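Chemist: I'd like to ask you about the structure that follows.
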Amino acid sequence: MEENKNYRLLIHGGVGTILKENMTAEKEAAYLKTLTKSLEAGEDILKNNGSAVKAVEAAVAVLEDSPLFNAGKGAVFNSDEKNEMDASIMDGSTLDSGAVLEVGTIKNPISAALEVMKHSPHILLAGSGAEKFADQQGCQIVDPSYFYTDSRFEQLQIAKETGEVMLDHSGDNKSAAANFENGGTKFGTVGAVALDANGNIASATSTGGMTNKQFGRIGDTPIIGAGTYANNKTCAVSCTGHGEFFIKNVVAYDVSALMEYKELSLIDAANYVINDKLKNQDGEGGLVAIDAKGNYTMCFNTPGMYRGIVGSESPIEVEIYQ
Ligand code: ASP
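In terms of this note's numbering, the sequence shown has 63 at position 38, counting the first letter as 1, and numbering is strictly consecutive.
Structure representation (structure tokens):
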């Protein structure tokens, strides 16, 4: 078999007002450790000539399993005190995609999204239909209480007391958002993009959405083109941030389209969308992205983004702040 060619994997664990002064050493270490574990899981697949799709699924599943991030266990609560989660995955070599929306019993929503992509004629499956399909495909089903964490429940109480739906993107330090753990980690969505040794790229994103969101609300995460997009011709993108802005600006696809039609580089395209277009609308967020040549970017317009990178030629690096 041909010697392993270059691979690369990037992950994120959400953006927000993540400030070092509000972070304890223990908490910081826990975040960095889990980000590292996620990169190791994905790299293990890429190193062994596995596909970018499998790598992004594996990396995201580790973050879903951690209560630290707003996806899978530790997902935020909606206004109805429930965890409604969304996830999507896309294969840049075929444009095949899969997503689950508003699910509350699938342990790893990203794995269910992959099942939708591989084994159903559809792309988006919602609610009980998605849960039933995931169960039939052998995904692990859990009691909704599995996703509960005290810290997320407390965040919901704060948001409810102030009447704040966490769609409020104000940077006001007195807002409930700012009282969030680490001084305001508002968006803890997780995601990954990868380039595999065969030159294919893929992306995956998973979230609990936004605290105190109206039940039934769907963000950008499971919307192909908004929160997730991958096309070998251009790039693979996974987004995090205020979902409504990412939907109306079709952010992930916009980065791809700027590359395809305007021939912008990946870095210029992502930078324009996040730091110009979105910023001018007060749309908070960021993304990780890679192209088939291995160019990559981790770009955000907030004080921090949990993120990490590893490649065939470079060791694991994990970061939190600007
Ligand atoms: N984009 C997600 C949503 O709006 C939130 C996040 O990134 O944390 O549902």
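All residues carry an ideal CB built from backbone N, CA and C; glycine is no exception.
The structure presented is a predicted model; accordingly, all values stated were derived computationally and were not measured.
With a 10 Å radius around its C-beta and 16 neighbouring C-beta atoms as the bar for buried, classify F240 as buried or exposed.
Modeler: The residue is exposed, with fewer than 16 neighbouring Cβ atoms inside 10 Å.
Chemist: List in chain order: all unbroken alpha helix (DSSP H) runs of 4+ residues lying wholly within the stretch 209-291.
Modeler: Correct list: 268-273, 276-287.
Chemist: According to the neighbour-count rule (16 or more other Cβ atoms, all chains shown, within 10 Å of its Cβ), is N305 buried or exposed?
Modeler: Exposed, by the Cβ-count rule.
Chemist: How about T253 and A277: do their beta carbons lie closer than 9 Å?
Modeler: Yes, the pair counts as a contact, with Cβ atoms nearer than the cut-off.
Chemist: Do L57 and A217 have their C-beta atoms within less than 9 Å of each other?
Modeler: For L57 and A217, no; Cβs fall outside 9 Å.
Chemist: Please return the same chain residues whose Cβ sits closer than 8 Å to the Cβ of G129, not counting the five positions on each side in sequence.
Modeler: So the qualifying residues of the chain are K107, N108, E109, M110, E156, P169, F172.
Chemist: Taking the C-alpha atoms as reference points, what is the distance between A54 and Y286?
Modeler: Using only the alpha carbons, I get a separation of about 42 Å.
Chemist: Who are the near neighbours of D90 in its chain, counting only those whose CB is closer than 7 Å to its CB and skipping five residues on each side?
Modeler: These residues qualify, in order along the chain: G97, K98.
Chemist: In three-state DSSP terms, what is S339?
Modeler: The answer is strand: DSSP assigns S339 an E or B state.
Chemist: DSSP three-state call for V87: helix, strand or coil?
Modeler: If DSSP states are grouped into helix, strand and coil, V87 belongs with the helices.
Chemist: With a 10 Å radius around its C-beta and 16 neighbouring C-beta atoms as the bar for buried, classify A202 as buried or exposed.
Modeler: For A202, the predicted model reports a pLDDT of 46, less than 50, meaning its position is unreliable; a value from the coordinates is still stated below. Buried, by the Cβ-count rule.
Chemist: Examine the ligand ASP and report whether any of its heavy atoms sits within less than 8 Å of the Cβ of E269.
Modeler: Yes, the Cβ of E269 comes within 8 Å of a heavy atom of the ligand ASP.
Chemist: Can you have a look at T49 and say buried or exposed, based on whether 16 or more other CB atoms are within 10 angstroms of its CB?
Modeler: It is exposed - the Cβ of T49 has fewer than 16 other Cβ atoms within 10 Å.
Chemist: Helix, strand or coil: which one does DSSP assign to L34?
Modeler: If DSSP states are grouped into helix, strand and coil, L34 belongs with the strands.
Chemist: Where does the unbroken beta strand (DSSP E) through I114 begin, and where does it stop?
Modeler: I114 -> beta strand (DSSP E) spans 110-116.
Chemist: Mind checking whether H37 and L312 have CB atoms under 9 Å apart?
Modeler: Contact flag set, yes.
Chemist: Keeping to the same chain, check which residues put their C-beta closer than 8 Å to that of I166; ignore five residues upstream and five downstream.
Modeler: Answer for I166: T130, I131, K132, E156, A159, D160, listed in chain order.
Chemist: Give me the DSSP bridge partner(s) of I348.
Modeler: Nothing about residue 348 can be read from this structure; the chain reaches only from 26 to 347.
Chemist: Quick check: what's the CA-CA separation for Q289 versus A227?
Modeler: According to the sequence displayed, residue 289 carries Leu and not Gln. In a straight line, the C-alpha of L289 is about 20 Å away from that of A227.
Chemist: Just grab the DSSP bridge partners of Y321 for me.
Modeler: I315, per the DSSP bridge assignment.
Chemist: Name the DSSP beta bridge partners of G123, please?
Modeler: BP columns for G123 point to I114.
Chemist: Starting from L181, trace the alpha helix (DSSP H) both ways and give me its first and last residue.
Modeler: Run containing L181: 175-186, per the alpha helix (DSSP H) assignment.
Chemist: By DSSP, does V78 sit in helix, in strand, or in coil?
Modeler: In this structure, V78 counts as helix in the three-state DSSP scheme.
Chemist: What does A151 pair with, by DSSP beta-bridge criteria?
Modeler: Its beta-bridge partners are L126.
Chemist: Closest to I19 by CA distance: which of I148, S104, P92 is it?
Modeler: In the structure displayed, the chain extends from 26 to 347; residue 19 sits before or after that span and is not available.
Chemist: Report yes if the C-beta of C164 is less than 8 Å from at least one heavy atom of the ligand ASP; otherwise report no.
Modeler: Not so, every heavy atom of the ligand ASP lies at least 8 Å from the Cβ.
Chemist: Can the beta-carbon of S104 be found closer than 9 Å to that of K238?
Modeler: Against a cut-off of 9 Å, the Cβ pair of K238 and S104 comes out as a contact.
Chemist: When you measure from the CB of N95 to every non-hydrogen atom of the ligand ASP, does any distance come out below 8 Å?
Modeler: At least one heavy atom of the ligand ASP is nearer than 8 Å to the Cβ of N95, so yes.
Chemist: Tell me which same chain residues have a C-beta within less than 7 Å of the C-beta of I70, skipping the five on either side of it?
Modeler: Closer than 7 Å at the Cβ level, and outside the excluded window around I70, lie K79, A80, A83.
Chemist: Give me the residue from F212, G266, K258, Y331 with the minimum Cα distance to N300.
Modeler: Cα-wise, what sits closest to N300 is G266.
Chemist: Using a Cβ-Cβ cutoff of less than 7 Å, which residues in the same chain neighbour L93 once the five nearest sequence positions on both sides are dropped?
Modeler: Within the same chain, L93 has close Cβ partners A55, Y56, T59, G99.
Chemist: In angstroms, rounded to a whole number, what distance separates the CA positions of V215 and C324?
Modeler: So the alpha carbons of these two residues sit roughly 14 Å apart.
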